[in-house]
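Following: one structure in structure tokens, then a few remarks.
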């Protein structure tokens, strides 16, 4: 019974994906025909996602809004270059990513900080190096209120912002936007293996920073 239910749910999801792809392809044909109303429909479907991704990359509301405008202008102008080998959504994410990175780099220079400096280090016996107070943090036992506090959110955003561009990008696409590893690889133009490796290291860096924040050695902790 459970197997049949799982198959049904999977079929519904797959069916919904097919409907979405077909709807996107219909919009592409309308855009190629110069239908301005199709652009409005496309923006209704994707503008918020483009803005959210752009904001995570630029960390600036005005820049993110400009990226949204630039992206859909680019899509309208270059729709004839869309070959359909990837999903339209993946192509839009790729255009958005490039536009947002250009905007960010125009605002600030990339900090030349290696991700290695943000990762935890371990002793030969396998224990985590550093202040012992931070080693005992049990994420499973951390109160939900602490995890969801405004301060923790701010620290999470700062930690993500401190990641090198390439690591921050795959983390946002995978964990914030919910793309699959394969879709992320399509957006960034790299292999799935490279995406998985970079994602793992980015998550480790975030966990290290939040572990230190939530550990009993921090200011204000018990």
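In this note's numbering, the protein residues as written are 51 to 272.
Note that CB positions come from ideal geometry on N, CA and C, so glycine has one too.
Because the structure is a prediction, the values reported are computed rather than measured.
Item: Beta-carbon proximity list for residue 134, same chain, < 8 Å, skipping 5 on both sides; Value: 75 and 78
Item: Cutoff 6 Å; reference residue 115; Cβ partners in own chain excluding five residues on either side; Value: none
Item: Cβ neighbour criterion (16 or more within 10 Å) applied to residue 259; Value: buried
Item: Residue span of the alpha helix (DSSP H) that contains residue 225, given as start and end; Value: Residue 225 -> no alpha helix (DSSP H), and no H or E assigned at all.
Item: Residues near residue 102 in its chain [Cβ-Cβ closer than 6 Å; skip 5 each side]; Value: none
Item: Helix, strand or coil at residue 132 [DSSP, three-state]; Value: coil
Item: Per-residue burial, residue 130 [other beta carbons within 10 Å of its own, 16 or more giving buried]; Value: exposed
Item: Closest residue to residue 70 among 237, 257, 220 and 137 (Cα-Cα distance); Value: 137
Item: CB of residue 213 within 8 Å of CB of residue 238, strictly; Value: no
Item: C-alpha gap between residue 262 and residue 249, whole angstroms; Value: 20 Å
Item: Residue 240 versus residue 145: straight-line alpha-carbon distance, rounded; Value: 15 Å
Item: C-beta contact flag for residue 105 and residue 142 at 8 Å; Value: no
Item: Three-way DSSP call (helix, strand, coil) for residue 146 in this model; Value: helix
Item: Span of the alpha helix (DSSP H) around residue 90; Value: 86–108
Item: Beta-carbon proximity check, residue 235 vs residue 222, cutoff 8 Å; Value: no
Item: Proximity below 8 Å, CB of residue 153 to CB of residue 211; Value: no
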